[in-house]
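Heads up: the structure comes next, in C-alpha cells.
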Amino acid sequence: MNYLVVAAILGADVGAVLGISLGNILLALLAIPASLLLMMGVGTLAFLVSDKAMGKPEQDSRTVGIVAGIVLGGSLTVILAYQILDAPVQAMGMGAAAAAVLGGIVLTTQEVRAARRRAFSRQCLKSAEIALTLGREGSFADAEDKMRETLLAAELAVGSLHPTVAEVVNSMAELYLEAGRFVPAETLFKRTLSVYEQLYFGSNPGVAATLHHMGRLYARRGDPTMAIPVCKRSLGIYERAQGRKSVNASRVHVTLARLFLQTAKLKDAETHARLAAVGLTASLGAGHPDAHAAVGLHVSTLVRLGRYSEAERHLRQVLADRQRAGGRNDARALDLLLDLAQIHTAQLKPAEALQTYRQSLQIYREEVGPEYERGKELMQATLPSLVKVPDLPVPAPEFLNAVLVERDTAAAKKLLDDNPALLNMVDGSGWTPLQWATFYDLDTLADTLLFRKAEIGRGQGDGMPALHIAARWGRLRILMTLIQKGVDINMVGQAAMTAAHHAAILGDSRTMDILMSKNIGLEVWNELEYTPLHYAAAYGHAKLVIEFISKGQAVDSRGPRTGRTPLHAAVEGGCLSTTQALVFNGADLFLKDRDGRNAMDIARANGNPQIQEFLSAHGRAGAESAETRGSAAGG
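Using this note's numbering, read the sequence shown as starting at 1 and increasing by one per residue.
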C-alpha cells in the first residue's frame with residue numbers, strides 16, 4: 001500500500017507538470033527541478049531526524065528519508081502547483097490514477113516473484129539447518145555434502161549477492177567452526193560479512209550475527225585480542241537494532257564475559273556476565289538452560305572477585321532450577337558445582353566443600369570426561385581427599401599427583417618401580433591406578449600396570465571398572481589390551497551398565513566394533529531399562545543406530561516397565577538424525593510409554609519443531625496424542 005501511495009503522488013506530480021505545460025512550457029520546466037529539490041529537502045530532514053534524534057539504524061533512516069521525501073515533499077509540490085501555478089486538478093488526478101494502476105500491476109508481479117523466492121529461501125534455510133543439526137550430531141561428512149548442495153542451489157536461484165545465500169554460507173561456516181576447522185570457517189564468515197555489508201550498509205542483525213560468530217572463532221583459536229573488538233561491534237549493532245536486553249545481545253555479552261575471564265579482566269567479565277544473565281532471564285525465562293548458563297557464568301566471575309555470598313545465592317537458585325528442569329549432568333552443571341565448592345572452601349565449610357567436590361568428581365568421570373577444561377583444577381582440589389585412606393603407600397600423594405594432575409607417565413612409572421605397593425592401591429574415590437590410566441588414556445602406564453599383574457576387577461568406584469572406562473571414552477589400545485588379558489567382556493557395573501551401554505553413549509564405531517567382534521551382548525537392559533540401542537538413539541549416533549538394527553536389534557524394543565522405545569529416547573534427546581534413522585527402519589510412531597506418551601507427545605513437550613514436523617509427515621503421529629486416545633500399553 002505504501003508503494004501505491006508513492007506511485008500515486010509521483011503520478012500526480014507528473015500530471016501537474018503536464019497540465020502546466022499546456023499553458024506555459026517554461027513554467028513547467030522550472031517546476032520539475034523545484035519539485036525535486038523540495039522532495040530532497042524534506043527527505044534529508046526526515047533522515048536526519050530518524051538517524052540522529054531517534055537513533056534508528058542507518059538503513060532504516062535512509063528508507064524513512066526516501067519515503068518521507070516522496071510522500072510529504074511530493075504532496076507539498078502538488079498542493080503548491082495547484083494553489084500557485086493553477087495546475088489542472090483533472091490532469092493531476094489522471095496522473096495519480098494511471099501511476100497507481102501501473103504501480104499495482106508492477107507490485108503484484110513483483111509480489112508473486114517475491115513469494116516464490118521466499119518459499120525457495122525458506123526451503124534453503126531449512127536444508128541448511130538440517131545439515132547443521134547433522135553435523136552437531138556427529139555426521140559431519142553428510143552435513144558438509146548437504147550444505148554444499150544447498151549453497152549451490154541457492155546461488156543458482158538467486159545469485160551470490162542475496163540474504164539467503166549469506167545465511168547458508170553463514171551456516172556452513174558454523175558447521176566448520178563447530179568441527180574445529182577454523183581456516184575455512186573464517187573464510188566463509190568473511191564472505192557472509194561482505195554480502196551483508198553490501199546489502200545492508202553494515203548495520204543489519206545479520207552483520208552482527210556474523211561478527212559474533214567470528215568472535216567465537218577467534219576465541220576458540222586462542223586469540224582474545226582479535227575476538228573482543230569484533231564482539232563489541234556485534235553487540236553495538238544488536239543493541240541498536242533489537243534492544244539492550246535482546247536474546248542476541250545477551251549472547252554476545254556471554255562471549256565477551258568469557259573472553260574477559262581469559263584475559264583476567266574480572267570486572268569487565270562480571271559486567272558482561274551480569275548483563276547476559278539479566279537479558280537471557282528476561283527474554284527466555286528463568287528456567288531456560290541458556291539463562292542458567294549465563295547466571296552460572298556470572299557466579300564464576302563473582303567467585304573470582306571474592307563476592308561469595310552473592311555468588312552462592314545465585315548459584316543455589318540455578319542448581320534448583322536445573323534440577324526441576326531435569327537438565328543433564330554436563331560441563332555446565334560441573335562448572336556450577338565447582339564454583340559452589342570454591343565458595344564453601346572460601347567460607348571455611350570444609351565438609352560441604354568435600355561433598356560437593358565428590359559429586360563433581362563423579363560427574364567428571366561418568367558424564368563430562370577428561371577433556372573438561374577445568375579438569376586439572378578439579379583434580380588439584382580433590383587430591384587431598386583421595387589420599388586420606390588408611391594404609392595407602394607413602395608415595396601415594398606424589399604418584400596420584402603425577403597421574404591425575406600432571407599426567408606425567410614417566411614420573412608415575414618411576415614411583416611404581418620404587419614402590420610396588422602402588423600397583424593395586426585403591427584411593428579415596430574407589431579407583432585404582434589402572435582406572436585412572438585408562439580414563440586419561442595413559443596407555444604406556446596402563447601397559448606397565450597390566451604387565452605387572454594389576455587386578456583388572458579391583459577398584460569399583462562409581463561402578464566403572466577399567467573395561468567400562470575404556471569403552472566410555474574410546475581408549476582403543478587399552479580396551480584391546482584388557483580383552484587380551486581375558487577380561488569378562490559382559491561384566492556388569494553400577495546401574496546394570498555394561499561396556500556396550502558405555503560405548504553406545506560415546507558413539508564411536510571403532511570402540512563398538514571391537515566389542516561386537518568379541519560377541520558382547522547387545523540385548524541387555526540397565527536399571528533405566530535402556531539397551532545400547534536406546535543410548536545410541538538418545539545421544540544422536542545415527543550410524544550406530546543403523547548398525548545395531550542391521551545386527552538384528554529390535555527397532556521397537558520396549559522397557560518391560562517403562563514401555564520406552566529407542567524412538568522415545570531419540571525424541572527425548574532432541575536428536576533428529578536418530579529419529580529419522582529409526583523411523584526409516586520401521587520404528588512404530590504410535591507406541592506409548594507407561595505415561596501414555598508417544599513420540600509426538602514427547603517432541604511437543606520438549607518443544608522441538610523439527611522433530612514434530614518430521615513425525616507429522618511420517619504417519620501423522622499427532623493424531624495419536626495421549627490427550628485424545630488410549631492409555632499406555634499394558635497400563
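Beta carbons are placed, not taken as given, at the ideal position from N, Cα and C, and that holds for glycine. Small disclaimer: the values here were computed from a predicted structure and weren't measured.
Contacts around residue i, its chain only, beta-carbon distance under 7 Å, and the 5 residues preceding and following it disregarded
i, result
"lysine 413", "Leu445 and Thr448"
"leucine 217", "Leu177, Phe182, Ala185, Glu186 and Phe189"
"alanine 617", "none"
"threonine 628", "For threonine 628, the predicted structure reports a pLDDT of 48, less than 50, and the residue's modelled location is therefore unreliable. A value from the coordinates is still provided. Counting only Cβ-Cβ distances below 7 Å, and skipping sequence neighbours, we find nothing."
"leucine 615", "Leu589, Ala599, Met600, Ala603 and Ala621"
"alanine 227", "Gly215, Tyr218, Ala219 and Leu259"
"tyrosine 364", "Leu334, Tyr372, Gly375 and Leu378"
"glycine 493", "Gly463, Met464, Pro465 and His468"
"arginine 322", "His292 and Ala333"
"alanine 410", "none"
"valine 207", "Leu193, Tyr196, Glu197, Tyr200 and Ile237"
"asparagine 526", "Ala495, Ala496, Met497 and His501"
"leucine 266", "Thr301, Arg304 and Leu305"
Boundaries (first-last residue) of the alpha helix (DSSP H) holding residue i
i, result
"threonine 150", "140-158"
"isoleucine 602", "599-606"
"alanine 503", "499-506"
"histidine 213", "205-220"
"serine 171", "163-178"
"glycine 236", "224-242"
"tryptophan 436", "433-439"
"proline 184", "182-200"
"threonine 531", "Note, threonine 531: premise wrong, no alpha helix (DSSP H); not H, not E."
"serine 517", "509-517"
"lysine 453", "No alpha helix (DSSP H) holds lysine 453; DSSP gives it neither H nor E."
Residues near residue i by beta carbon distance below 8 Å, same chain, minus five either side
i, result
"valine 426", "Val389, Thr432, Arg458, Gly459 and Gly461"
"lysine 232", "Leu256"
"leucine 400", "Leu383, Leu386, Val387, Asp427 and Trp436"
"leucine 354", "Ser385"
"glycine 306", "Ala346"
"histidine 272", "His253, Val254, Leu256, Ala257 and Phe260"
Same chain, Cβ closer than 6 Å to residue i, five either side skipped, listed in chain order
i, result
"glycine 135", "Ala143 and Leu175"
"valine 403", "Ala412 and Trp436"
"alanine 293", "Arg332"
"glutamate 572", "Ile602"
"serine 300", "Asp339"
"alanine 623", "Its pLDDT being 48, under 50, alanine 623 is placed unreliably by the model, and nothing is read from it."
Proximity to residue i [Cα-Cα], best of the options
i, options, result
"tryptophan 436", "Ala454, Ser517 and Ser577", "Ala454"
"arginine 636", "Arg274, Val405 and Lys543", "An answer regarding residue 636 cannot be provided, because it is not within the stretch 1 to 635 covered by the chain."
"leucine 506", "Ile520, Gly474 and Asn526", "Gly474"
"asparagine 419", "Thr438, Arg452 and Asp441", "Arg452"
"valine 583", "Pro566, Gly596, Asp593 and Arg597", "Pro566"
"proline 609", "Lys126, Tyr530, Phe548 and Ala115", "Lys126"
"aspartate 508", "Gly493, Gly540 and Lys485", "Gly540"
"alanine 264", "Leu302, Ser557 and Ala208", "Leu302"
"glutamate 523", "Thr511, Ala542 and Ala499", "Ala499"
"tyrosine 639", "Val368, Ser557 and Glu398", "For the chain, the structure presents residues 1 to 635; residue 639 sits outside this window and is missing."
"glutamine 612", "Asp595, Cys575 and Gln242", "Cys575"
"methionine 497", "Ile520, Ile483, Met480 and Lys485", "Ile520"
"phenylalanine 120", "Leu156, Ser139 and Arg148", "Leu156"
"aspartate 145", "Ile546, Asp223, Leu591 and Ala131", "Ala131"
"alanine 241", "Tyr200, Ile549, Ala154 and Glu352", "Tyr200"
"threonine 438", "Glu366, Thr271 and Pro224", "Glu366"
"aspartate 593", "Arg221, Thr579 and Thr562", "Thr562"
"leucine 319", "Arg304, Glu310, Leu337 and Asp595", "Leu337"
"glutamate 129", "Arg148, Val394 and Arg116", "Arg148"
"serine 246", "Gln580, Gly285 and Arg597", "Gly285"
Under 8 Å between C-beta atoms of residue i and residue j
i, j, result
"valine 387", "alanine 381", "no"
"leucine 515", "isoleucine 478", "no"
"histidine 568", "alanine 536", "no"
"histidine 213", "asparagine 248", "no"
"tyrosine 308", "glutamine 359", "no"
"alanine 504", "proline 532", "yes"
"leucine 235", "glutamine 198", "no"
"threonine 192", "threonine 210", "yes"
"alanine 570", "threonine 511", "no"
"leucine 450", "lysine 485", "yes"
Output the residue ranges of the alpha helix (DSSP H) runs that lie fully inside the region 250-321 and measure 4 residues or longer, sorted by chain position.
266-284 and 289-304
Segments assigned beta strand (DSSP E), at least 3 residues, entirely inside the region 538-613
none
Could you pull out every unbroken alpha helix (DSSP H) segment of at least 4 residues lying fully inside the region 365-393, listed in chain order?
375-386
Can you list the alpha helix (DSSP H) stretches of 4 or more residues lying completely in the region 325-353, in chain order?
331-346
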